[in-house]
Amino acid sequence: MQFIRRLTKPMTASTTRSAAHGMTAATTTRGPAHRAVRASNSSAAAGASATSTTPSRSDSRHGGRGGSWHQALLPYTQHPETYDPAREVFAYSESTVTIYDQYPKSSVHLLVMPRRVVTNVSALDPAKEEDVRVVDQVDAECQRVLALMQAKHPTLRFRLGLHAVPSMTQLHVHLISQDFARAEKLKTKQHWNSFTTAFFVDWEWVVDEFKAGRKVTFEKQEYEQMLKSPLKCHECTDLPAFTNMPRLKAHLDSQPHGVRDDENASK
Numbered sequence: 001m002q003f004i005r006r007l008t009k010p011m012t013a014s015t016t017r018s019a020a021h022g023m024t025a026a027t028t029t030r031g032p033a034h035r036a037v038r039a040s041n042s043s044a045a046a047g048a049s050a051t052s053t054t055p056s057r058s059d060s061r062h063g064g065r066g067g068s069w070h071q072a073l074l075p076y077t078q079h080p081e082t083y084d085p086a087r088e089v090f091a092y093s094e095s096t097v098t099i100y101d102q103y104p105k106s107s108v109h110l111l112v113m114p115r116r117v118v119t120n121v122s123a124l125d126p127a128k129e130e131d132v133r134v135v136d137q138v139d140a141e142c143q144r145v146l147a148l149m150q151a152k153h154p155t156l157r158f159r160l161g162l163h164a165v166p167s168m169t170q171l172h173v174h175l176i177s178q179d180f181a182r183a184e185k186l187k188t189k190q191h192w193n194s195f196t197t198a199f200f201v202d203w204e205w206v207v208d209e210f211k212a213g214r215k216v217t218f219e220k221q222e223y224e225q226m227l228k229s230p231l232k233c234h235e236c237t238d239l240p241a242f243t244n245m246p247r248l249k250a251h252l253d254s255q256p257h258g259v260r261d262d263e264n265a266s267k
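Mapping to the UniProt record's numbering: the sequence shown position 208 is 208, numbers consecutive.
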């Protein structure tokens, strides 16, 4: 069953079936009318079948050292042990690898990925056991790393999520703190909007949809329009849009945004 979810339009539905499994698999196509819900820092969070082909080892690195920039995450999935644990690979197991984003958009910015090659979340089918396993493994690692970061940075708030239209091949979940003000790599409107509008989709929502048997897809053209949204503070929603990034970041620097204000922050 396919649900087209919009703010002003009713749901429409059509049924598809997985012949290999004899199961009905729903597809949730998400439009940008959905407002991403900020993940609570006091809780545990935020098409075609995926191929299991292993990429060949290359000198390509996250951010590029040759090779296609879009493929730069793939080498981490094959040889995580060859990367610097202090600044490149945070942790890895047989099923997942967690890396430091080489262009961090906040003070804490990690990417959690499956070791198996999965183009993006839309390549996963909830009717397939192996795909369900991938989501479970990635989610378990997301929650583990989130707990570690919360313990290490008790005053910060975090979100777990992914971009509706990812720029890089390989499913990756962002674990990102919400203190954006002094992030040197946060430079453009597109950077800002990719983490503070509905373009950034909460991982918790993705997991819930998958557990409900609904395949997650996104309306690419509509979501890409979110990147062109005015520069608005993600916390002070009553303020007008800022004219440029320096002014927005100056505002962010003057506010306690991204810092926890609950009683757990002092523990």
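Ideal Cβ placement from N, Cα and C applies to all residues, glycine included.
As summarised for the stretch 174-200, the continuous alpha helix (DSSP H) elements at least 4 residues long and confined to that stretch are 189-196, given in chain order.
From the listed residues Y100, V216, P154, Q225, the smallest Cα separation to D125 is found for V216. Here the stretch 202-214 makes no contact with the stretch 233-245; the two share fewer than three CB pairs at distances below 8 angstroms. Setting aside the 5 residues that flank it on each side, E235 is surrounded in the same chain by Q255, H257, each with a C-beta closer than 8 angstroms to its C-beta; the list follows chain order.
Boundaries for K232: no beta strand (DSSP E) harbours it, and the DSSP string shows neither H nor E there.
Separation of the CB atoms of Q178 and S106 is rounded to 7 angstroms, and the pair is thereby assigned contact status at 8 angstroms. S93 is classed as exposed because its beta carbon has fewer than 16 other beta carbons within 10 Å across all chains shown. Three or more beta-carbon pairs separated by less than 8 angstroms are not found between the stretch 218-234 and the stretch 145-155, which leaves the two stretches without contact. When the beta-carbon positions are compared, T82 and Q170 stay at least 8 angstroms from each other.
Cα atoms of L162 and V121: separation of roughly 9 angstroms, rounded to the nearest angstrom. Contact annotation: R115 and V97 have beta-carbon atoms nearer than 8 angstroms.
A direct Cα-to-Cα measurement between K187 and A250 gives close to 13 angstroms. Nearest Cα to E141 within the set V207, V259, H153: V207. Within the UniProt domain "HIT" (75-185), the alpha helix (DSSP H) runs of at least 4 residues that lie entirely inside it are, in chain order, 129-152. Its chain contains T155 as the residues whose beta carbon lies nearer than 6 angstroms to that of V259, once the 5 sequence neighbours on both sides are disregarded; these appear in chain order. Across the set E219, E204, V118, the C-alpha of E219 shows the shortest separation from the C-alpha of A164. Per DSSP, D208 has no beta bridge partner at all.
In the DSSP assignment, E219 falls outside any alpha helix (DSSP H) and carries neither an H nor an E.
Approximately 7 angstroms separates the beta-carbon atoms of I176 and F158; this is inside 8 angstroms, confirming the contact.
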